[in-house]
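Shown next, in structure tokens, is the structure this report addresses.
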Amino acid sequence: MYSDSHIHTRFSGDSEELPENQAEKALMLGLEGICFTDHLDHDVVSDVDFELDVPAYWKYMTALKERYRGRLDIRIGVELGLQTHLAEYFTGLLAEYPFDYVIGSVHFVGGLDPYYPEYFRRYGKGAYLTYFEATYDCVSSLDCYDSLGHLDYIARYGGPYGLEYSYEKYADAIDPILRRLIEGGHALECNSGGFSRGMGGPNPVSDVLRRYRELGGELVTIGSDAHRSSDLGARFPECGEILCKAGFDRYVIYRDRKPEYRSL
Ligand SMILES: [Zn+2]
Ligand SMILES: [Zn+2]
């Protein structure tokens with residue numbers, strides 16, 4: 001019985017899903033629980049509004065959690081778009097709202113979202129390396145997150161530009177990120193959204209999950225990154241198998257920013 005620790009709703013600028021639909025889908029699948037993690041990308045320029053109306057989100061999700069009490073373990077989290085200059089902003093936000101869980105994700109590098117061609121036009125062959133270096137800068141200078149979301153998110157989008165990706169190819173850039181996560185007591189996310197976004201597996205790829213374990217990492221979270229309820233909990237059994245093969249026998253879910261262990 002899994003919990004899904006990465007899901008979006010209409011509170012995210014790129015989702016129209018009702019929170020209730022996500023909760024009902026979780027019940028249908030027999031999940032133990034879900035953690036809502038709507039987008040909050042502060043100080044970015046985008047066609048999509050990635051700011052989060054935190055007061056409205058908090059109020060709505062708190063009421064929803066009450067409605068499902070005893071039937072589904074609902075937790076309230078957030079997916080923060082990491083940028084090094086936002087340290088103070090994050091500290092203030094997290095002091096005001098006691099989220100259960102915070103995903104830190106790198107969605108913008110140099111003001112550009114790799115989802116769009118402009119990012120690849122600017123960085124060319126260095127597109128992946130630039131992303132990993134920006135990720136290292138964020139995870140090493142910020143402490144506001146529990147788990148690093150979809151570490152190789154960039155690899156979802158570089159295929160059409162002829163960029164090839166493997167852990168080995170970028171090991172020198174990825175290892176420092178993994179070491180920093182471990183030193184800081186941060187989890188690494190296994191994001192099953194990679195399966196449906198051209199990765200043929202989770203983000204990050206299994207070699208990165210294995211390397212994190214090999215370096216001493218013990219905290220892995222599992223999330224579908226579902227923007228629609230049809231994707232909730234998708235491919236979790238396969239993620240479980242991949243994690244077991246990578247050397248994990250348990251994963252974590254967060255409450256009050258503290259990890260709770262669950263068997264794989
Ligand atoms: Zn994300
Ligand atoms: Zn997400």
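Per the numbering used here, residue 1 is the first one in the sequence shown, and the count goes up by one each step. For each residue, glycine too, the CB sits at the ideal point set by N, CA and C.
- Message: Using the Cβ count rule (16 or more neighbours within 10 Å means buried), how would you classify Arg-121?
- Response: As a first step, residue 121 is located in the sequence shown; it is residue number 121 there, counting from the start. When all chains shown are included, Arg-121 counts as exposed.
- Cβ-Cβ distance between Tyr-167 and Val-208 below 8 Å: Indexing the sequence shown from 1 puts residue 167 at position 167. Indexing the sequence shown from 1 puts residue 208 at position 208. In this structure, Val-208 lies closer than 8 Å to Tyr-167 by Cβ.
- For Asp-146 and Arg-67, the rounded distance between their alpha carbons: Position 67 of the sequence shown, counted from the start, is the residue given in the question as residue 67. Position 146 of the sequence shown, counted from the start, is the residue given in the question as residue 146. So the alpha carbons of these two residues sit roughly 27 Å apart.
- Query: Which first and last residues belong to the beta strand (DSSP E) in which Ala-187 is found?
  - Reply: Within the sequence shown, residue 187 is the residue found at index 187, counting from 1. 187 to 191 is the span of the beta strand (DSSP E), which, as asked, contains Ala-187.
- What does a CB cutoff of less than 8 Å around Arg-255 pick up in its chain, not counting 5 residues either side in sequence? Locating residue 255 in the sequence shown gives position 255, where the first residue counts as 1. Closer than 8 Å at Cβ, skipping near neighbours: Arg-75, Asp-100, Tyr-101.
- Message: Between the stretch 32 to 39 and the stretch 243 to 252, can you find at least three pairs of beta-carbon atoms closer than 8 Å?
- Response: With a cut-off of 8 Å, the stretch 32 to 39 and the stretch 243 to 252 do not count as touching, because too few Cβ pairs lie within range.
- Check each residue's C-beta against every heavy atom of ligand 2 and list, in chain order, those closer than 6 Å. Going down the chain, each residue whose beta-carbon is closer than 6 Å to a heavy atom of ligand 2 shows up: His-6, His-8, Glu-79, Asp-225.
- My understanding is that His-43 touches Leu-112, with C-beta atoms under 8 Å, so please give their C-beta distance in whole angstroms. On the sequence shown, residue 43 is found 43 positions in, with the first residue counted as 1. On the sequence shown, residue 112 is found 112 positions in, with the first residue counted as 1. It should be pointed out that residue 43 corresponds to Asp in this sequence rather than to His. Going by Cβ atoms, the distance from Asp-43 to Leu-112 rounds to 14 Å, so no, they are not a contact pair.
- Message: On a Cα-Cα basis, can you pick out the residue from Met-28, Tyr-251, Tyr-165, Met-1 that is closest to Asn-191?
- Response: The residue you call residue 191 lines up with position 191 of the sequence shown. It is Tyr-251.
- Report all residues from its chain with a CB closer than 8 Å to the CB of Arg-211; omit the five preceding and five following residues, and keep chain order. Translated into positions along the sequence shown, residue 211 becomes position 211. These residues qualify, in order along the chain: Tyr-167, Ala-171, Ile-174, Asp-175, Leu-178.
- Message: Contact defined as beta carbons within less than 8 Å: I believe Asp-14 pairs with His-227. What is the distance between those atoms, to the nearest angstrom?
- Response: By one-based count along the sequence shown, residue 14 stands at place 14. By one-based count along the sequence shown, residue 227 stands at place 227. At roughly 6 Å, the Cβ-Cβ gap stays under 8 Å, so Asp-14 and His-227 are in contact.
- Query: When the Cα of Asp-41 is compared with those of Ile-7, Gly-104, Thr-62, which residue comes out closest?
  - Reply: On the sequence shown, residue 41 is found 41 positions in, with the first residue counted as 1. Ranking the options by Cα distance to Asp-41, first place goes to Gly-104.
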